[in-house]
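Residue numbers (the working numbering): 51 to 377.
Given below as structure tokens:
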């Protein structure tokens with residue numbers, strides 16, 4: 051049986067297994083220099099345009115969440131950074147070099163959503179195997195601690211729960227002591243406690259100077275972890291900024307209340323943008339919530355069940371992508 055892992059959906063392994071281990075070419079760059087860069091990258095699959103002149107820079111010490119609907123270009127972006135695809139136009143660089151080169155790949159760690167691993171190897175054997183692929187790996191003890199694998203090192207991979215398998219894959223992504231860490235849906239199958247423990251480890255990796263690129267469908271995860279969010283749709287960046295900046299891209303605030311006023315009366319109030327029924331209550335979106343509230347109180351003294359909130363990251367995501375459209 052071959053112990054070489056196969057990543058489902060990718061054309062080749064991330065590292066050229068079995069090849070002599072190349073020496074590292076670069077140290078971690080200064081924070082002013084990007085760790086990875088896609089410049090004017092266009093990628094097509096036949097007649098399908100996956101990325102459209104995309105520009106993206108990733109810097110040391112930051113966690114960047116790449117968000118977008120299915121087919122937006124997230125996986126293509128990750129594959130390009132892993133050196134598993136070539137752009138039709140533009141350039142891709144990791145640590146200043148082409149990620150398709152074997153030596154460049156030693157700077158990259160990847161935890162992919164769909165992966166097949168030999169199930170008859172023990173956890174410690176997987177860790178030892180992956181450490182052997184790299185010129186300057188983290189110690190086995192560091193990897194076990196970082197991924198919370200204490201006590202299960204001698205268990206077979208096939209006997210682990212879904213969440214435990216995810217923790218092993220996280221350890222393997224860190225095995226090579228990478229500068230760029232790509233995490234694709236890293237907490238799928240994890241319980242709440244395990245998910246939060248992994249979040250803490252992601253923060254520690256960024257604090258240590260690693261660049262983390264995160265793709266996730268858990269918007270709470272992106273909101274919690276990301277120093278920068280990049281929203282991509284149809285191969286183009288639709289918005290970019292901190293989680294707070296992305297949320298502020300959606301106009302207004304939400305007012306939820308029970309009122310005797312009709313939808314027509316509410317829509318006629320100053321700065322009111324929309325009105326939706328929510329069971330016995332209405333949800334009002336207003337550009338200036340305070341001004342709208344004063345008018346509601348003036349017209350209806352029976353108002354009750356009042357809640358005022360800002361828009362969530364999910365609201366902004368839906369507004370910025372086709373996910374929010376009915377078609």
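All C-beta atoms in this analysis are idealised placements derived from N, C-alpha and C, irrespective of residue type, glycine included.
All values derive from a computational prediction rather than experimental measurement.
- When rounded, the separation of the alpha-carbon atoms in residue 335 and residue 291 is 23 Å.
- The way I'd put it, the segment 83–102 doesn't touch the segment 247–257; fewer than three beta-carbon pairs between them come closer than 8 Å.
- Burial of residue 156 is indicated by the presence of at least 16 other C-beta atoms within 10 angstroms of its C-beta.
- In this structure, the alpha-carbon of residue 263 lies about 7 Å from that of residue 116.
- Residues of the same chain with a CB within less than 6 Å of the CB of residue 107, apart from the 5 flanking positions on each side, are 84, 87 in chain order.
- Residue burial annotation: residue 243 is exposed, with fewer than 16 other C-beta atoms found within 10 angstroms of its C-beta.
- Within the same chain, and ignoring the five residues on either side of residue 241 in sequence, the residues whose Cβ sits closer than 8 Å to its Cβ are 213.
- By the Cβ neighbour-count rule, residue 133 is buried, with 16 or more other Cβ atoms within 10 Å of its own.
- Burial of residue 227 is indicated by the presence of at least 16 other C-beta atoms within 10 angstroms of its C-beta.
- Residue 300 and residue 323 have their C-alpha atoms roughly 11 Å apart.
- Straight-line measurement puts the Cα of residue 353 at about 54 Å from the Cα of residue 93.
- With a cutoff of 8 Å on beta-carbon distance, residue 131 and residue 144 are scored as near each other.
- Scanning 296, 305, 110 for the CA closest to the CA of residue 340 turns up 305.
- Secondary-structure assignment with DSSP links residue 291 through a beta bridge to 279.
- Closest by C-alpha distance to residue 332, out of 314, 369, 344, is 314.
- A Cβ-Cβ contact shorter than 8 Å links residue 160 with residue 232.
- Counting only unbroken stretches of 4 or more residues, the alpha helix (DSSP H) elements lying wholly within the segment 206–240 are 212–224, in sequence order.
- Inclusion of residue 194 and residue 207 in the CB contact set at 8 Å is not warranted, their separation being larger than that value.
- Counting along the chain, residue 158 sits inside the beta strand (DSSP E) bounded by residues 158–161.
- Here residue 103 has 90, 92 as same chain residues with Cβ atoms under 6 Å from its own Cβ, once five neighbours each way along the sequence are excluded.
- For residue 252, the three-state secondary structure derived from DSSP is helix.
- Out of 296, 182, 181, 177, the CA that lies nearest to the CA of residue 203 is found in 177.
- Going by C-alpha positions, residue 361 is about 32 Å away from residue 230.
- Counting the other Cβ atoms within 10 Å of the Cβ of residue 288 gives 16 or more, which makes it buried.
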